[in-house]
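To keep things clear, I will list the structure first and then write my remarks on it.
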Amino acid sequence: MTRFHNGIDINASVGAAIVAADGGNVAVAGYNSGYGNYIMIYHSNGSATLYAHLSSMSVSKGDTVSKGQVIGGAGSTGYSTGPHLHFEIHINGGSVDPLGYFSGLSFYNC
């Protein structure tokens, strides 16, 4: 796992299943040059999660998703140096450190 920006990068093979961290509504399922293929999900507690550099997306804007539902596959689209998942958590419009929501993980700085 790599860290140097508003989220974490988790190593993954191309096509590895990416699941929703929590249930919610898909606000974005699209592409930009930085994130590549990415999905943003708004959750009922006011938070949002973002999943980027996906090789595939199995949800669309406006879809409702459940916690643990497969939403896409890991990849290397956009500004990326190899296959991985870029994951962000947003609360009140700002990014927060996702590591506070996981236990037993380690990372290295780039």
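Oh and the sequence shown: position 86 is 86 in our numbering, straight run, nothing missing.
Ideal Cβ positions, reconstructed from N, Cα and C, are used throughout, including at glycine.
Look at residue 26 and residue 69 and say whether their C-beta atoms are less than 8 Å apart. Position 26 of the sequence shown holds residue 26. Position 69 of the sequence shown holds residue 69. Not closer than 8 Å, so no.
Cβ of residue 86 within 8 Å of Cβ of residue 35? Taking the sequence shown and counting its residues from 1, one reaches residue 86 at position 86. Taking the sequence shown and counting its residues from 1, one reaches residue 35 at position 35. In this structure, residue 35 lies closer than 8 Å to residue 86 by Cβ.
By the 10 Å Cβ neighbour count, where 16 or more other Cβ atoms means buried, how is residue 101 classified, buried or exposed? Here residue 101 is taken as the residue at index 101 of the sequence shown, counted from 1. So residue 101 counts as exposed.
Please classify residue 64 as buried or exposed, where buried requires at least 16 neighbouring CB atoms within 10 angstroms. Taking the first residue of the sequence shown as 1, we reach residue 64 at position 64. Exposed: under 16 other Cβ atoms inside 10 Å.
Output the residue ranges of the alpha helix (DSSP H) runs that lie fully inside the region 22-84 and measure 4 residues or longer, sorted by chain position. none
What's the call for residue 9, buried or exposed, on a 16-neighbour Cβ count within 10 Å? In the sequence shown, the residue the question calls residue 9 occupies position 9. Looking at its Cβ environment, which holds 16 or more other Cβ atoms inside 10 Å, residue 9 is buried.
For residue 7 and residue 88, believed in contact at Cβ under 8 Å, the rounded distance: Stepping through the sequence shown from its first residue, residue 88 is reached at position 88. Stepping through the sequence shown from its first residue, residue 7 is reached at position 7. Residue 88 to residue 7, Cβ: 4 Å. Contact.
Flag this pair as yes or no: are the beta carbons of residue 55 and residue 81 separated by less than 8 Å? Against the sequence shown, residue 55 aligns to sequence position 55. Against the sequence shown, residue 81 aligns to sequence position 81. Against a cut-off of 8 Å, the Cβ pair of residue 81 and residue 55 comes out as no contact.
So, with DSSP's three-state summary, where would you put residue 94? The count along the sequence shown starts at 1 and reaches residue 94 at position 94. In the structure shown, residue 94 sits in a strand (DSSP, three-state: E or B).
Count the other C-beta atoms from every protein chain shown that fall within 10 angstroms of the C-beta of residue 39, then say buried if there are 16 or more, exposed otherwise. For the purposes of this step, residue 39 is taken as residue 39 along the sequence shown, with counting starting at 1. By the 10 Å Cβ count, residue 39 comes out buried.
Whole angstroms are fine: how far does the CA of residue 53 sit from the CA of residue 14? Numbered from its first residue, the sequence shown carries residue 14 at position 14. Numbered from its first residue, the sequence shown carries residue 53 at position 53. Answer to the nearest angstrom: the Cα atoms are 10 Å apart.
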